Amino acid sequence: MGNIDFKLDPNKKLTKDEIEMLKNAQNLPFEPDEDAPELSPEQIEEFKRIIAERRELSRKKTVSLRISQSTLNIAKSFGSSYTSVLANILENVFRDPKALKKYL
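For any residue, its number in this note's numbering is found by taking its place in the sequence shown, counting from 1, and adding 2.
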């Protein structure tokens with residue numbers, strides 16, 4: 003079987019045929035095979051536990067910190083998502099020991 007490569011455009015509307023194909027696919031039965039075997043109840047519970055754990059670890063926390071007005075002005079110049087920009091800067095610095103050492 004060959005590979006089919008294509009790019010999805012999230013802004014492109016689905017055609018009537020594509021919508022119909024998706025509706026039909028929803029009604030197809032799931033048939034486990036050796037590549038995708040049916041999971042035991044224990045495996046399902048373990049996956050649920052892992053997913054909940056990862057979700058909690060990835061959940062962002064709200065914090066307050068003091069920064070100078072000039073720093074805030076620069077950050078706000080990035081637009082309405084400036085808090086995300088600040089969070090990315092902090093995360094990248096904390097993950098880079100050389101950069102972190104520079105500021106300690």
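Even for Gly, the Cβ is constructed at its ideal location relative to N, Cα and C.
Note that the structure is a prediction, hence the values are computed from the model and not measured.
In whole angstroms, what is the alpha-carbon distance linking residue i and residue j?
i: Leu24; j: Gln71; result: 52 angstroms
i: Leu30; j: Lys50; result: 25 angstroms
i: Tyr1; j: Thr73; result: Since the first and last residues shown for the chain are 3 and 106, residue 1 lies out of range.
i: Ser42; j: Arg57; result: 22 angstroms
i: Ile21; j: Leu67; result: 48 angstroms
i: Glu55; j: Gln45; result: 15 angstroms
Quick check on the DSSP output: the alpha helix (DSSP H) that includes residue i runs from which residue to which?
i: Ser86; result: 84 to 97
i: Phe49; result: 43 to 60
i: Ala77; result: 71 to 78
Considering Cα atoms alone, identify which of the options is closest to residue i.
i: Lys63; options: Lys103, Phe32, Pro99, Ser86; result: Ser86
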